[in-house]
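>
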Amino acid sequence: MSQTVSQLTRQPELEILEIKNDSIIFILSNTDISVANALRRVMIAEVPTMCIDLVEFESNNSVLCDEFIAHRLGLIPLVSDNIDKFCYTRDCSCSDRCDQCSVELRLNVKCTENRPRDVTSSDLLSQNSAVIPVSSQVTSSNSEQEIPIVKLRRGQEIKLRAIAKKGVGKEHAKWSPSCVATYQFQPIIVLNQNRIDELTDQQKEEWVGSCPTKVYSYSPHQSTQQVTIEDPLRCVYCLECKKKAESFGKPDLVHLEQKQDKFIFTVESSGALKPEDIVLYAIQIIKRKLTDIQGQMAEGML
Amino acid sequence: MSEELKSLIQPHIDSFDFFTDHGIDLVLKDSEPLYFEHNSTQYKIRFTDLKLSRPTRNIVEKEIKLYPNESRETGTTYNAPFKGAIGLYEVNEMDEMDDGTEVDYNKQEPTHTFEVDLGRLPIMVKSRYCHLNGMSPEKLIESREEELEQGGYFIVNGNEKVVRMLVMTKANHPVALHRKAWTNRGPGYTKNGITIRCVRPDRSSITNNLHYINDGQTTLRFLYRRQEFFLPATLLLKALKDTTEKEIYENIVQGDNENTFLTDRVELSLREQKINNINTQEEVLDYIGSRFRARTQFPPSFSNIKIGRWFINQFVFVHLPNYNDKYNLLILMIQKLYAMVGGKCGTDNIDSPAFQEVLLAGHIYGMILKEKLTEYLESTKSFVLKSFEDKKKSGDKLPDALKKVLDKNFKIADRFSYFLATGNLRSSSGIDLQQTSGFCVIADKLNFLRFISHFRSIHRGAFFATMKTTAIRKLMPESWGFFCPVHTPDGAPCGLLNHLSSNCLVTVDAAQDPTVQKAQTLLPSFLAAHGMLPIDMVSVYQHQYLTITLDGRVLGKIEPKAGEEMVKMLRYLRSMGNEPSIPKTMEISYAPPTNVENGQYSGISLFTTGARFMRPVVNLTSGQNELIGPQEQLYMEIAVVPHEVIKGVTTHIETSPTAMFSLLANLTPFSDYNQSPRNMYQCQMAKQTMGTPLHSYPFRTDNKLYKVQNVQKPIVHTKNQFKFRCNDYPHGCNAVIAVISNTGYDMEDAMIINKSAYERGFGHGSVYKNEYIDLDQGLSRFEQKKTFFGRPNTVVDELDKFIDTDGLPFVGRLIKPGEPYYTYIRPSDGRQVTKDYKGKEEAYIEDVRIIFGPNGATRDPSKINNICVKLRFNRNPVIGDKFSSRHGQKGVLSQLWPEINMPFTESGMKPDVIINPNAFPSRMTIGMLVEILAGKAGAIHGKFQDATAFQFDENNTAIDFFGEQLAKAGFNRFGNEQMYSGTTGKEFECEIFFGVCYYQRLRHMVKDKYQVRALGKVNALTRQPIKGRKVGGGIRFGEMERDSLLAHGASFCLNDRLMKSSDFAKIKVCKLCGSTLTIYSKKDYSNQTVSECKSCKSSDSIATISIPYVFTYLVAELAAVNITMKLQVS
């Protein structure tokens, strides 16, 4: 029974299935739930981004009150690709704030026309061209993506100075870079073809139709007349197929199991960071935490 | 403009329009002259004119239009000048005539006319006299009103006041009753009686009771100057018609000679009244007049007959001017009374809507006006006569004296403002109402639903709230479709404060509706043409014939079979609405002849008066909507849904099965799936929701206004939500909800909110408060109107951060408790005075409005002495705030739980709200489960879901319908989902019910309720801590709390709480006599305080003991009743 630590430790693997502009799907395997969940939690709450945190109003006679507008501004995602170049205000060497730890944005809109003027995220002017509202990026010039802040009527004016700071989702949800960060277990679905063959064509069709997410496929016109698994990843473990099989009196028609060491992750970005960056940052943060613990253990602090 | 929304408030507006357009004239026409003698000449005074204008405001002797919002913002009353004229007459022979015709006082020419200013009368917003009437939504917004402003309320001192609807006995309909109290009215009086509330065209009323006396006689009771009088019915019959006893006998018995019970009694009552030997009508009138003469103010020249007539005109069946009609009605009432006593019919249930109608603002206005006019004349008379007693003025001419008095007399309109401001009715006669207070309530704009509900609420009467029996609170089957069975508060006013169903309407008076007026004259001949025997042509008495009455006037008789046919025909014609003699709003009540014990007295009663309840149902014969009343409904066959229709029996069908609900009850989704009390709770809670009360926030100065940010339309809604424009005033937010017992923070109706959801704005809101700061308040008269805001010491006072140079606070600034608030200049020495912000909660200054008084012409910015500051308080959810779904499921926020720890579904969804599954089994709010299911399906498919009640049944269940939609989107059809723990990442063993539910934030917030005390004020007498949150008092440590400490044996704690932390005191006691009262302290030669017992003359015997201070109070109190208390001190 003399196993070394390195033999006990598993080597987690990460396989990317799909990367889009705003989402990533990858498989994390050969590891434990705790690791998968840690990754998920860090992606939501601990990957830092830039967000408006302080707002100084100079003028606001719009219909919305100051706090409400400030809150809305805070929730506008800002491009945080160079987040590493900023430090937290609390760690910064400056006394109040400086360019190292914050970015100033300005909003200065007055409605002079007779029709309502929509103030949107595109009216926010940043002093740092790298930290701008996500919707103002060149890649997304689509005006539908602009985030409305307030509507002004003739004579109404809004003039303010907003200061964006670095922060994490733990502190306030606005700093969370991910809209969705979740995983599911890899399902193992085994069909008992013998049992399926016992079914009539109509029953087969009914059984395949019982799955709300269409995991199985069957076409009576197919030459093979076989029920096949189209996409096991679609399975949400609703066990509708199992229930249907039981109603036919064939509980062993299908076998469903979750593979406990293989996780399919889906991460969607708010736009502040690229989805793959969220994952990378998260891994980096976990590593740093572990190193911290290691260091402290070595020092005998733990 | 939403017509549906308008219809909800219409009764209030209609009634006020009735008052302004017709009521004033009717009251004036009816107003009685007041007689008095001066220099041995008989005079009389009476009102000859009353004139109401539209609301105005006075600016430097100029009247300009006053708009409601100006009154609201300045905290004044929305009122209009009310003027009148009083005529002085010398009494002439026309007054003294008594030929029985109505005297038309308007035909006489007064010797003098005096213009009188009656003050300013509060006007109902959006009534015809209001400037907002008929305005388009754009214009309304220009006038700083809501786009959907409906009016129906008054503005008194800046508050919006509603005159709440009040249940009244149905007008002009004899009601058979048993009332125990009646036995005390005199010897032989029984509990049996018939009561009739007679309503004049001006809506003022007099109630007459016909009492049954043991020996078989009947007497009619009426009130005159709050005193009751009884007239024997047979005597009254003779006074009403020159008739014979034989005729009276025949009229009552109607050929039913076999009925010895009836004949015996009629004979007896006729015989009893024979004693006085007064037989002819004139003799009887003379007799009545002579009896009442002493109590009246008529000049001596008036004959007794005239006075007798006056009494009958004023107090007997006042809805019928014609004596023959009065006679016939009295006969009918006697018949009904004998039928009830003889067991032929039962009593009527006065608590049922079948015998009820409504009292509205305009009607009360008319009643008050009528009474105040009389009081005005009376006080004028007494002041005039008094002024002549003064020797200096005794030589004055009468018109001059009168003019002087009139200028000084009270202002009638002020009485209306008082009535609206307090809800109290100060009346000399009681105006035939059962209560004197509680008529008006503030129309609270907490949210739209609460506001609108004020106009639909109808109260049974304050008198009934004190009754011990619960019978009046019962939900009557008769109230189906008229009063909402769901929408009533639980607790004290349960069943007394009801709400009208959403499509129940209130009829208008004939004066307002020409078709009704026309029909009233056409109807008798129309009925006669269709089988009715007109009453004056009935010669063959047939007691089984049905009596046909119209608004309490006996029209004729009809053979029972023909009567039934006639009713059918009348209803058909009413539904078609094209027969001029049958108005749409006529109630056709038909009580068929029956052998059932305690059945209703048979007959056909037609009603065309105003203030009755009506509601639409579909007539199956004509296929048209037909309005029906609550009394006729009892005998109608109305199906609720089409499959209930029985051929040949069913005549009508409901417009919708949800028609029986009020507006609010109709908004509860899937209310048919809930246990019924939960729907009641929801009606309560909807009215406590922090919602959107209005959109014109900048123009409102309400004491307190709530606002919730990020409100949404509910995904799951009912049809009424659109019909009544409720989506324009949303009051909640669609929350993702998981029903799971997760952390323990969801126990006992607590709910967990996702911290990130909160941070993204869930339930965020604010409270607005307005503070009026009037510098003149509390100042001496010398200083008033000379004190102004200002800040001359700008350089030295170091207030630049807090206060602007004009002495007013900065708009937009966050002000903290104790900070400087405003400065003003004291006129006495010209110095600057700074006042601090007294509030206990930090607030933003939303705006500061400057109020110039009524003489606001001098708009000098340096002379501001009255301002209104609007403060905005941040009220984002904190732990302890209250939330609820729309199913009576309220809960308290117990924890803002970090998102990463929240359970999540396969797709990564995390709930906004977690509630405990234990909230469901005992409460059985299945509707909420269905709503969550429907909400989830709706959210996925991007559509709103219809949740109107009664659309699903056993064959077509809601679960199947919405489950199908869920399955289509790849979800479990029962709404369950596999979830993972956010903390461990592991899968939960069971599936979790997960979906979308509309959540409301309730107004109960910790910030308004928390109470803490360390040190603070104490009661001067007992030195114990005072109570009350506002004054920083403590929370009572009561008897039960004390008991629990005793039970624990926690004696130190007990001593600490009840003595040390309360009124601990050290007092001196004399060891010899044991008294604490005899000890006096004085200074000795070395100026040291020495105590001495005065009774023992000893200073050595003094000891100091620790006791609760109240003990000294007890000792003193006992000493006052001659009891000494001695303490044994060792």
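Those protein sequences? They're chains A and B, same order as listed. Counting with full-length UniProt numbering, you get residues 1 to 302 for the letters of the first sequence. Counting with full-length UniProt numbering, you get residues 1 to 1130 for the letters of the second sequence. Even for Gly, the Cβ is constructed at its ideal location relative to N, Cα and C. Please read all numbers here as calculations on a predicted model, not as lab measurements.
Which chain A residues sit within Cβ distance under 7 Å of Ser379/B?
By Cβ distance, chain A contributes nothing, its closest Cβ being about 52 Å from Ser379/B, past 7 Å.
> Anything in chain A within Cβ reach of Ser907/B, meaning under 7 Å, just list it in chain order.
Here the neighbours are Thr182.
> For Arg615/B, which beta-bridge partners are listed by DSSP?
Answer is Ile628/B.
> Determine the contact status of Val125/B and Gly158/B, defining contact as a CB-CB distance below 7 Å.
Contact: no.
> Any C-beta of chain A sitting closer than 7 Å to the C-beta of Lys986/B?
By this cut-off, Lys986/B is an interface position.
> Should the segment 563–583 of chain B be regarded as contacting the segment 613–627 of chain B, the criterion being three or more beta carbon pairs within less than 8 Å?
Cβ pair count under 8 Å is three or more, so yes.
> For Thr41/B and Ser417/B, which I take to be in contact (beta-carbon distance under 8 Å), what is that distance rounded to the nearest angstrom?
No, Thr41/B and Ser417/B are not in contact; Cβ-Cβ is about 38 Å, not under 8 Å.
> Applying a beta-carbon distance threshold of less than 8 Å, which residues of chain A neighbour Gln978/B?
Going along chain A in sequence order, the residues near Gln978/B (Cβ under 8 Å) are Val236, Tyr237 and Cys238.
> Mind listing the chain B neighbours of Ser176/A? Cutoff is C-beta to C-beta under 8 Å, in chain order.
Simply Ser756 and Glu899.
> Is the segment 182–197 of chain A touching the segment 240–256 of chain A in the sense that three or more CB pairs, one from each, lie closer than 8 Å?
With the cut-off at 8 Å, the segment 240–256 of chain A and the segment 182–197 of chain A touch.
> In this structure, what does DSSP give as the bridge partners for Leu152/A?
Partner(s): Arg117/A.
> Quick one: what's Gln255/A bridged to in DSSP?
Residue identity check: residue 255/A is His in the sequence provided, not Gln. The partner list for His255/A (beta bridge, DSSP) reads Val190/A.
> How far does the beta strand (DSSP E) with Val892/B in it reach, from first residue to last?
Per DSSP, Val892/B belongs to the beta strand (DSSP E) from Lys890 to Trp897.
> Would you call the CB atoms of Thr244/B and Phe230/B closer than 7 Å?
No.
> Chain A beta carbons: is any one of them nearer than 7 Å to that of Ala519/B?
So no, Ala519/B is outside the interface.
> Alpha carbon to alpha carbon, what distance is there between Lys968/B and residue 1131/B?
What is shown of chain B runs 1 to 1130, which leaves residue 1131/B out entirely.
> Closer than 7 Å, CB to CB, is Ala937/B near chain A or not?
False, the Cβ-Cβ gap to chain A never drops below 7 Å.
> Please name the residues in the segment 699–715 of chain B whose beta-carbon is closer than 7 Å to at least one beta-carbon of chain A, in chain order.
Listed in sequence order: Gln709.
> How big is the Cα-Cα spacing for Gln520/B and Leu433/B?
In a straight line, the C-alpha of Gln520/B is about 28 Å away from that of Leu433/B.
> Could you list which residues in chain B have their beta carbon closer than 8 Å to that of Thr213/A, in chain order?
Correct list: Gly970.
> Under a CB-based cut-off of 7 Å, is Phe904/B close to chain A?
Phe904/B counts as touching chain A.
> Could one say the Cβ of Ala1047/B lies closer than 7 Å to chain A's Cβ atoms, at least one of them?
For Ala1047/B, the answer is no, since every Cβ of chain A falls outside 7 Å of its Cβ.
> Kindly indicate if chain B contains any beta-carbon less than 7 Å away from that of His172/A.
Yes - at least one Cβ of chain B is within 7 Å of the one on His172/A.
> Below 8 Å on C-beta distance, what does Leu75/A contact in chain B?
Those within 8 Å of Leu75/A in chain B are Arg760 and Gly761.
> So, for Asn956/B: in the same chain, excluding its five sequence neighbours on each side, which residues have a beta-carbon less than 6 Å away from its beta-carbon?
Cβ within range, chain order: n/a, list empty.
> Pick out whichever of Thr1076/B, Gly891/B and Leu1118/B has its Cα sitting closest to the Cα of Ile1107/B.
Ile1107/B has its Cα closest to that of Thr1076/B, out of Thr1076/B, Gly891/B and Leu1118/B.
> What residues from the segment 870–887 of chain B come within 8 Å of chain A, judged by C-beta to C-beta, listed N to C?
Going along the segment 870–887 of chain B in chain order, one finds Arg872 and Asn874 with a Cβ nearer than 8 Å to chain A.
> Spatial neighbours of Thr834/B within its chain, please: CB distance less than 6 Å, with the 5 preceding and 5 following residues excluded, ordered by chain position.
Excluding sequence neighbours, Thr834/B sits near Pro820 and Thr823.
> Residue 1136/B versus chain A: which residues are under 7 Å apart at the beta carbon?
Outside the displayed range of chain B (1 to 1130) lies residue 1136/B, so it cannot be described from this structure.
> Using the Cβ count rule (16 or more neighbours within 10 Å means buried), how would you classify Gly167/A?
Flag for Gly167/A reads buried.
> Using the Cβ count rule (16 or more neighbours within 10 Å means buried), how would you classify Gly763/B?
Classification of Gly763/B: buried, given that the 10 Å Cβ count is 16 or more.
> Counting only beta-carbon separations shorter than 7 Å, does Ala967/B have a partner in chain A?
Cβ-Cβ to chain A under 7 Å: yes for Ala967/B.
> Whole alpha helix (DSSP H) runs in the segment 646–727 of chain B with 4 or more residues, listed along the chain?
Listed in chain order, they are 663–667, 676–686 and 719–723.
> Is it the case that the Cβ atoms of Cys494/B and Ala665/B are separated by a distance below 7 Å?
Not in contact: Cys494/B and Ala665/B (Cβ atoms no closer than 7 Å).
> Taking the straight line between their C-alpha atoms, what separation do you get for Pro524/B and Val506/B?
Each residue's Cα considered, the two are about 24 Å apart.
> Are Gly362/B and Phe19/B touching if we call contact CB-CB under 7 Å?
It is a contact, given that the beta carbons lie within the stated cut-off.
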